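Going by the numbering used here, the first residue of the sequence shown is number 1, and it counts up by one from there.
Where is the CB? At the ideal position from N, CA and C, for every residue including glycine.
Remember, it's a predicted structure, so these values are computed and weren't measured experimentally.
Notes for the one structure printed next.
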Amino acid sequence: MKKIQLGKTGETIPIIGQGTWGIKSRKKKAYYEQWKNSIKRGIELGLTHIDTAEFYGRGTSEKIVGEIIAEHDRDDLFITSKLFPMHIRYKTMNKAANNSLKRLGIKYLDLYLIHWPSTFVSIEKQMRVLEGLVNEGKTRYIGVSNFSVEQFKKAQQALKKVELVNNQVHANLTYQKHIHNSLPFYQKEGIIMTAYSPLAHRGYSNVPSEIRDNLMKVAQSHNATIQQIAIAWLINHENVITIPKAFRIEHMEANVKAADIILTQEEISLFYNHAKQLETAKKEGVIA
Numbered sequence: 001m002k003k004i005q006l007g008k009t010g011e012t013i014p015i016i017g018q019g020t021w022g023i024k025s026r027k028k029k030a031y032y033e034q035w036k037n038s039i040k041r042g043i044e045l046g047l048t049h050i051d052t053a054e055f056y057g058r059g060t061s062e063k064i065v066g067e068i069i070a071e072h073d074r075d076d077l078f079i080t081s082k083l084f085p086m087h088i089r090y091k092t093m094n095k096a097a098n099n100s101l102k103r104l105g106i107k108y109l110d111l112y113l114i115h116w117p118s119t120f121v122s123i124e125k126q127m128r129v130l131e132g133l134v135n136e137g138k139t140r141y142i143g144v145s146n147f148s149v150e151q152f153k154k155a156q157q158a159l160k161k162v163e164l165v166n167n168q169v170h171a172n173l174t175y176q177k178h179i180h181n182s183l184p185f186y187q188k189e190g191i192i193m194t195a196y197s198p199l200a201h202r203g204y205s206n207v208p209s210e211i212r213d214n215l216m217k218v219a220q221s222h223n224a225t226i227q228q229i230a231i232a233w234l235i236n237h238e239n240v241i242t243i244p245k246a247f248r249i250e251h252m253e254a255n256v257k258a259a260d261i262i263l264t265q266e267e268i269s270l271f272y273n274h275a276k277q278l279e280t281a282k283k284e285g286v287i288a
């Protein structure tokens with residue numbers, strides 16, 4: 001699995017990780033075993049970065065990931081989790097971080113993010129919490145999620161000694177806002193942008209015919225699926241990693257192969273030309 005340097009840390013992480021959004025609570029054992037088997041297969045194939053959050057399944061995702069961590073060497077994994085902004089006090093934010101560690105069964109996170117900007121808690125206050133967690137050894141690195149570039153800058157300015165290394169945002173072939181508007185800043189600053197939902201919600205099965213035709217054309221030239229091309233399109237951009245989720249082992253194995261696809265600049269730019277068409281289709285409800 002190809003790796004990329006995480007900001008200025010010297011740490012390298014897989015260019016494709018594993019997302020766990022969608023793990024539900026109160027399901028039967030077989031459901032969780034299927035998730036676990038898929039994630040464990042991903043680890044075998046080099047997808048050692050696992051992304052979770054306290055919000056996912058009301059802590060269920062972290063518990064499942066914790067069970068997987070217990071079966072592996074902790075140092076072989078890179079674990080990311082996220083603080084949900086419903087916590088408004090310094091004490092409750094710290095408690096939430098400790099609860100995440102407890103559910104995961106680990107002493108420290110590799111990366112801890114603020115899940116969303118908050119209208120109730122200042123960015124400065126959130127950054128004090130994150131920096132404190134780094135100082136306490138409860139997370140190695142910190143970042144944010146769903147922050148605008150201006151919010152990211154404000155967050156970085158609020159930190160005293162620690163630097164943000166990541167912003168996790170919604171980005172894919174049918175939602176290119178952050179690719180065009182935000183990525184140039186992160187590339188310039190040496191920050192990693194993590195793209196979540198790289199396959200949208202229906203795996204590009206419902207995109208407009210012209211776009212699908214181009215996806216098929218590029219996929220055929222690389223002996224790949226359109227989903228693999230969509231993942232490759234993201235990670236062929238400098239400073240971008242992605243975290244697709246895979247409920248089934250066969251989907252996990254397919255995701256891994258996308259890391260080896262090298263697109264030409266012409267192929268990458270081909271889908272830039274569809275950006276306005278995609279936005280129109282989304283507004284009209286043609287695609288999710």
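Asked, Found
"Nonlocal neighbours in the same chain, by C-beta distance under 7 Å from G57, ignoring five residues either side", "I23, K24, S25"
"Beta carbon of P14 nearer than 7 Å to that of H49", "yes"
"Where M1 falls: helix, strand or coil (DSSP)", "coil"
"Residue interval of the alpha helix (DSSP H) (run including V134)", "123–135"
"Those residues which DSSP pairs with G143 across a bridge", "L113"
"From K28, N146, A219, K82, residue whose alpha carbon lies closest to that of L130", "K82"
"For I4 and D76, the rounded distance between their alpha carbons", "16 Å"
"Residues bridged to D51 [DSSP beta-bridge criterion]", "G19, T80"
"Among S100, N99, L159, nearest to E124 - alpha-carbon criterion", "L159"
"N-terminal and C-terminal residue of the alpha helix (DSSP H) that M216 is part of", "209–221"
"Distance, Y32 Cα to I43 Cα", "17 Å"
"Contained beta strand (DSSP E) runs [length at least 3] in the stretch 153–178, N- to C-terminal order", "164–170"
"Alpha-carbon to alpha-carbon, E238 and G19", "20 Å"
"Terminal residues of the alpha helix (DSSP H) in which M252 lies", "249–257"
"Closest by C-alpha distance to R74, when choosing among I106, W21, G17", "I106"
"Identity of the residue in N206, Q126, N99 nearest T174 by Cα", "N206"
"Beta-carbon gap between A224 and I262 smaller than 7 Å", "no"
"Rounded separation between M252 and A246 - CA only", "5 Å"
"Contact under 7 Å by Cβ, E54 with S100", "yes"
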